[in-house]
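Just so we're aligned: 496 in my numbering is position 216 of the sequence shown, and the numbers increase by one with no gaps anywhere.
We treat Cβ as the ideally placed atom computed from N, Cα and C, and that holds for glycine.
Before any comments, here is the structure.
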Amino acid sequence: MDSTPNCTNLLTMGDFNKYIDKLRLETNFDGNNLTLCRQGICNAIWGTGNPDISGIGIAVGYIMEITLGFGLAATLMATRSKEGRKWAFLQFVTSGGLEAFFDFAIYFALSILIATIVVLANKDFGVTTSGFGACEAEIALAMSVACVLPLIYPVGLLPAHSSHPDQTQESASDRSRESKRDSYHFRLLLFSLLTVLFFYPFVSQSIHNWAPSRIGEGKGPGGKTVVTNEEFQRVQKVCFKDVEYLAFWESQLLAVTEMTSSLLIYLFLLWHLITAHVRRMELDEEDISGFTSGLLLILGRIESVWKGSESLITVYLVMPAALDGILLYCIFRLRHIQAQMTEGLDGQYAGNEWGFGQIVSIVMFVPVLVDMAFTGWTYRRPKFKQHHVLPYNFIVKSFKTFSKAELHRGPEVSLFKTKNAVVDCDRRAFAAMSDLRRSIVDMAGLTALQPGKILKSGTKRYSVHCGLVDDEQYLFIDTAGFGDPDRNDIDTFEESVSWLIALGSFIGVVGVLYVINSPGTRLDQQDAKTLRWLKERQEELKNMIRRRFAEQKYKPVKLQFMQRVERKVPFLETEAAKVLRGPAVGVTVNIVKGKCTVATASTAQEAPPLNFGPIPEVKEAFWKETILEWWYIAVNAAEIFEDARRGPGMASTGGWTGIIQGIRNWWNGSSTAGQS
């Protein structure tokens, strides 16, 4: 073709086949003609860089998302088995950061996917490719995978509730999450929506990477030839000159990484959907079929292997980060190629320009760091209005009597203060019970904890003792025991749980200590019945202590008794009351799916039917009177705590010295209250 080509016809590309036909018509793939129109041809086919897709700002945003996700997940996994206040602080801040990271990253990824779907659909269906060439398409496909992968960390690691278990004053976002049945399910729902949107980029990149190419002899529709390899190589040579495009191994690495990452995302989602459904059926006590019970068994075994395998945990952490690292390498490699090609065309590469959208992409994840800082501040500052109730259990190293006051209705109230509470209740608590009792008796003066030697001895009236431990407020409740010849066990039970019903909305139980008879003596039937009553509490208390002190990420556990009461079950029909009404011999307590059930003990001979004692008549007035009394105790305890904190020992240092000392105390996990 000797005539000069009309380059204006080659500035935009819609359908690839039609554009090749126009290119053949205008240039006949002649080198000179291609050179005359090289700027328009190269921009139409490969693009010059779209800052909204491959700009430096949004590229840094991808790096921040991947780095934050991996860093927070690695920190959480590395510290989850650590113990101590400082480790608990780090665990709590990391969990809060990972939760905030999900809140921002999920909508960042949603916006990226929606934009990617729009531009890919225009390109795939031949509508227009204006500002979206082949390089931008490859970058968009890679980044659509890269922005979803980091969300695997918070969805897989965050439980239903990761707020501080000691905090009663939650933020608005925490209360919003609590209003949902399960924040884990809410995260899973958003992640499922994300993967639905991700399906189109997944299909598009599969076609782009693995479908037959239209370049070559007979590779067009119906076996026709759209463009030969030689003709297309001429176009590439004119556009790239000395610029090296992606090598074959780089193209294959990108294709394999995108496919592996996409399959990982969908397998991860499928696993969590199945797990969530099976767990929901289990928690709702629905009829579980044999298939579902088999799934529960498999899930339990997989979880046990997962928790005990460091190598699997390492793979879980490293694999998404490694895949994202490869994708980032390919994205920056394509940006570099595009920049060199644009400069060779005497143009200006727009991908390095800092515009409005670039700055927004950078600032997107800054609130995660701010949220972590605020979370750490709320954790470390003294919680003046926090109460914990410890019936029969206060694991501490030392006690110091602070002051005493008498309540109006009679129970003794004392205030003691200490630091460095031993919180490793899973391992050492029950082994240290005798030392604990001795410490309480000697240092706090709670003589009621001494086992009685005669029938008339023992606690006759409950007493309440207020304690300050690391600036947190505790109520130590000493209640009457079972087996008192002058009292009915049901009356004792009613009195023991009345505090839980009255104060359960704003306090949390953290443990139980049962003081039994002198060591070395034989248990009588009443002791056996009491121990069985405690066994009925064993599973829930074990979980409660572990979750309260060790893992620092679960929402407060509610006693089975309270769950039954909230469901309008009469308290005398609860399993705890059945243990007291049942005989001392021939009764067993079974733990089924984390719940206690009272049943007849299986023996070699046929066991007699389980016969509970008659339900005693309950005086409703006494029950209400007891609850009102506990409300009065709570008010008086709050006044005692307030007076103690206003004492001389709570005086603060003023000026710059006080500010510096406050910063030191905040970092060291202490406070002025703990120094008095």
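- In this structure GLY377 does not touch MET644 by the C-beta definition: roughly 15 Å separates them, more than the 8 Å allowed.
- Within the model, the alpha-carbon separation for TYR464 versus ALA354 is close to 19 Å.
- The segment 596-605 makes contact with the segment 340-354; the number of CB pairs closer than 8 Å reaches 3 or more.
- Shown here for MET599: same chain residues with a beta carbon closer than 8 Å to its own, the five before and five after excluded, namely LEU544 in chain order.
- Taking the CA atoms as reference points, LYS298 sits about 28 Å from LEU534.
- GLN638 sits buried, since 16 or more C-beta atoms from the chains shown fall within 10 Å of its C-beta.
- Burial check for ILE582: the Cβ neighbour count within 10 Å stays below 16, so the residue is exposed.
- Going by DSSP, LYS517 is part of the alpha helix (DSSP H) stretching over 509-520.
- Proximity to GLN840 across GLU416, CYS876 and ASN509 peaks at CYS876, based on C-alpha coordinates.
- The residue among GLN485, LEU431 and VAL506 with its C-alpha nearest the C-alpha of LEU469 is LEU431.
- In the DSSP annotation of this structure, ALA491 is not part of any alpha helix (DSSP H), being labelled neither H nor E.
- Looking at the backbone, the Cα of PHE384 and that of LEU649 are separated by about 11 Å.
- Burial is judged here by how many other beta carbons sit within 10 angstroms of a residue's own beta carbon; VAL536 has fewer than 16 and is exposed.
- For the options ASP626, THR307, ILE495 and GLN618, the alpha carbon positioned closest to that of GLU524 is the one of GLN618.
- When the Cα atoms are used, THR508 and PRO501 turn out to be separated by approximately 14 Å.
- If you check the CB distance, ALA389 and LEU474 come in under 7 Å.
- Straight-line spacing of the CA atoms in GLU530 and CYS610 works out to 8 Å.
- Boundaries of the alpha helix (DSSP H) harbouring ARG318: 318-325, taken from the DSSP string.
- LEU614 counts as buried, since at least 16 other C-beta atoms from the protein chains shown sit within 10 angstroms of its C-beta.
- Distance from the CA atom of CYS415 to the CA atom of GLN485, rounded to whole angstroms, is 13 Å.
- Excluding residues up to 5 positions away in sequence, GLY413, ALA414 and CYS415 lie with their Cβ nearer than 6 Å to the Cβ of TRP326 in the same chain.
- By the Cβ-count criterion, ASP769 is buried, with 16 or more other Cβ atoms from all chains shown falling within 10 Å of its own Cβ.
- Annotation for THR307: PRO285, ASN313 and LEU314 place their beta carbon closer than 6 Å to its own, counting only its chain and skipping 5 residues before and after.
- The C-beta of THR594 has fewer than 16 other C-beta atoms within 10 Å across all chains shown, which makes the residue exposed.
- Sequence-distant Cβ neighbours of LEU291 in its own chain, meaning closer than 8 Å and more than five residues away, are GLY320, ASN323 and ALA324.
- Contact between GLU633 and GLY335 is confirmed by a C-beta separation of about 7 Å, below the 8 Å threshold.
- Sequence-distant partners of PHE548 (beyond 5 residues in either direction) whose C-beta falls short of 8 Å from its own C-beta, in its chain, are ILE432, VAL435 and GLY436.
- Counting along the chain, SER424 sits inside the alpha helix (DSSP H) bounded by residues 414-426.
- SER541 places its beta carbon less than 7 Å from that of LEU429.
- Nearest neighbour of LEU597 by Cα position, chosen from ALA358, PRO492, GLN843 and GLY503, turns out to be ALA358.
- Remark: C-beta atoms of ARG494 and VAL506 approach each other more closely than 7 Å.
- ILE487 sits away from ILE419, with the two beta carbons spaced by 7 Å or more.
- DSSP places THR347 inside the alpha helix (DSSP H), whose first and last residues are 336-359.
- Minimum Cα-Cα distance from ALA401 among the listed residues PRO481, HIS552, LEU625 and GLN620 corresponds to PRO481.
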